[in-house]
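Worksheet: the structure to be examined is printed underneath.
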Amino acid sequence: MDLAHVWPLFGLRLVSPRLELRPVRDEDLPGLVEAALSGVHDPARMPFGVPWTDAEPDALARSLAQYHWKLRAGVTPDSWGVSFTVLRDGAPIGVQELHARRFGARRTVESGSWLASAHQGVGLGTEMRAALLTFAFDDLDADWAESSAAAWNDGSLRVSEKLGYERNGVTRSQTRPGETVDEVRVRVARDDFVRPDWQLERHGVDAARASLLG
Numbered sequence: 440m441d442l443a444h445v446w447p448l449f450g451l452r453l454v455s456p457r458l459e460l461r462p463v464r465d466e467d468l469p470g471l472v473e474a475a476l477s478g479v480h481d482p483a484r485m486p487f488g489v490p491w492t493d494a495e496p497d498a499l500a501r502s503l504a505q506y507h508w509k510l511r512a513g514v515t516p517d518s519w520g521v522s523f524t525v526l527r528d529g530a531p532i533g534v535q536e537l538h539a540r541r542f543g544a545r546r547t548v549e550s551g552s553w554l555a556s557a558h559q560g561v562g563l564g565t566e567m568r569a570a571l572l573t574f575a576f577d578d579l580d581a582d583w584a585e586s587s588a589a590a591w592n593d594g595s596l597r598v599s600e601k602l603g604y605e606r607n608g609v610t611r612s613q614t615r616p617g618e619t620v621d622e623v624r625v626r627v628a629r630d631d632f633v634r635p636d637w638q639l640e641r642h643g644v645d646a647a648r649a650s651l652l653g
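Take the sequence shown: its letters are residues 440 to 653, numbered as in the numbering used here.
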C-alpha cells in the first residue's frame, strides 16, 4: 500500500508545460524553505497578510512546516485548503494554494501563491495559477474563483487580469505591525476564465475529487 492510498491527495499531479503542481509532501518542505529563504519579494514591502517571510530562518522553517501540516489536517469534504508545491525541473520553487469554504453551496474557490524571486518575471506565476484554475473549474466544477493582492502589487494583479479576473472591491489589510495597505479583491467566473493555449496534464483527479467533494 502506498501513501496515496492512505491520503489520496498525494496522488494528485497537475502538469503544465514548464511546471508540476502536487499537494505539499513532507519531502518538499526542505526545498520550499530554501526557495523562501532565497527571497520572495522586496523586503521593503510585504505582500502577504501574514508577514511570514520576515521570520528568522529557523523560525520560518518551523512555521512553514507547521502551516502546511495544519492545512493537511484540516481537510474535510466541502471545506478545505490544499497547498501545491510548484516544481520546475523537479525542484520546489514556490507554492500555489487552493481554498474553499462550504464549497457545495458556494461553488467558489480562493487562491494564493508565492514564487521564489529567481523564477519571477518569466510567466510562471500565470502558468501555475492557470493550471490551478483549470483543475478547479474542470475537475471540481467550481463556478467562481477569487483572489486578492495589495493594491501596489502590480505583478499579482496583472496575472489576475490576464486570466480574466475582474476587480471586486477594496478592503484594508494589515501586513506588518503598524503597516496597513489597500487590498484589491478580484474574481472570475468559469465562463470568463481566459484559458491557456496549452493542455493541462492531470493525474489522480478522481481520488482527489472524492477527498475534496465527498
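All residues carry an ideal CB built from backbone N, CA and C; glycine is no exception. No experiment lies behind these values; they were computed from the predicted model shown.
- Query: In chain order, what residues of the same chain lie with their CB nearer than 6 angstroms to the CB of Ser522, ignoring the 5 residues before and after it?
  - Reply: Counted from its first residue, the sequence shown places residue 522 at position 83. Correct list, in chain order: Val463, His507, Leu510, Val534, Glu536.
- In chain order, which continuous runs of the beta strand (DSSP E) of length 3 or greater are located wholly inside the stretch 513-587? 519-527, 530-539, 547-554
- Is the CB-CB distance between Gly470 and Ala530 below 9 angstroms? Start at 1 with the first residue of the sequence shown, and residue 470 comes out as number 31. Start at 1 with the first residue of the sequence shown, and residue 530 comes out as number 91. A contact, by the Cβ cut-off of 9 angstroms.
- Using the DSSP secondary-structure output, state which residues sit across from Gln613 in a beta bridge. Start at 1 with the first residue of the sequence shown, and residue 613 comes out as number 174. Answer is Thr619.
- Message: Quick check on this structure: which residue in Arg629, Asp493, Gly450 has the alpha carbon closest to the alpha carbon of Arg546?
- Response: Reading the sequence shown from its first residue, position 107 is the one you call residue 546. The residue with the shortest Cα to Cα distance from Arg546 is Arg629.
- Task: Report the residue from Val627, Ala647, Thr610, Leu572 whose alpha carbon sits nearest the alpha carbon of Gln638.
- Result: For the purposes of this step, residue 638 is taken as residue 199 along the sequence shown, with counting starting at 1. The residue from Val627, Ala647, Thr610, Leu572 with its alpha-carbon nearest to that of Gln638 is Leu572.
- Item | Residues that DSSP places opposite His642 in a beta bridge | As a first step, residue 642 is located in the sequence shown; it is residue number 203 there, counting from the start. Its beta-bridge partners are Arg452.
- Query: Over what stretch of residues does the beta strand (DSSP E) that includes Glu459 continue unbroken?
  - Reply: Counting from 1 along the sequence shown, the entry for residue 459 is found at position 20. 459-462 is the span of the beta strand (DSSP E), which, as asked, contains Glu459.
- Please state if the CB of Phe574 and the CB of Leu453 are separated by a distance shorter than 9 angstroms. Looking up residue 453 in the sequence shown gives position 14. Looking up residue 574 in the sequence shown gives position 135. It is a contact, given that the beta carbons lie within the stated cut-off.
- Message: On the CB-based measure, 16 or more other CB atoms within 10 Å of its CB, does Thr619 come out buried or exposed?
- Response: As a first step, residue 619 is located in the sequence shown; it is residue number 180 there, counting from the start. Exposed, because fewer than 16 other Cβ atoms sit within 10 Å of the Cβ of Thr619.
- Task: On the DSSP bridge assignment, give the partners of Glu605 in chain order.
- Result: Within the sequence shown, the letter at position 166 stands for residue 605. Glu605 is bridged by DSSP to Arg626.
- Message: Short of 6 angstroms in beta carbon distance, which residues of its chain neighbour Val609, apart from the five on each side in sequence? Order them along the chain.
- Response: Residue 609 sits at position 170 when you count from the first residue of the sequence shown. Cβ within range, chain order: Asp621, Val623.
- So who's on the other strand from Ala589, going by DSSP bridges? Your numbering for residue 589 matches position 150 in the sequence shown. Glu622, per the DSSP bridge assignment.
- Query: Given that a residue counts as buried once 16 or more other Cβ atoms are within 10 Å of its Cβ, and exposed if not, what is Leu442?
  - Reply: To locate residue 442, count along the sequence shown from 1; it is residue 3. Looking at its Cβ environment, which holds fewer than 16 other Cβ atoms inside 10 Å, Leu442 is exposed.
- Message: Here's a check: name, in chain order, each residue in its chain whose Cβ is nearer than 6 angstroms to the Cβ of Glu549, leaving out the five neighbours to either side.
- Response: For the purposes of this step, residue 549 is taken as residue 110 along the sequence shown, with counting starting at 1. These residues qualify, in order along the chain: His538, Glu585.
- 8 angstroms Cβ shell around Ser502 - same chain, five flanking residues per side excluded: Position 63 of the sequence shown, counted from the start, is the residue given in the question as residue 502. Excluding residues within five positions, the ones whose Cβ falls inside 8 angstroms are Trp491, Ala494.
- Give the range of the alpha helix (DSSP H) segment to which Val445 is assigned. Counting from one through the sequence shown, the residue named residue 445 turns up at place 6. Unbroken alpha helix (DSSP H) run through Val445: 442-445.
- Task: Check whether the Cβ atoms of Pro516 and Gly603 sit closer than 9 angstroms, and answer yes or no.
- Result: In the sequence shown, residue 516 corresponds to position 77, counting from 1. In the sequence shown, residue 603 corresponds to position 164, counting from 1. Cβ atoms of Pro516 and Gly603: not closer than 9 angstroms.
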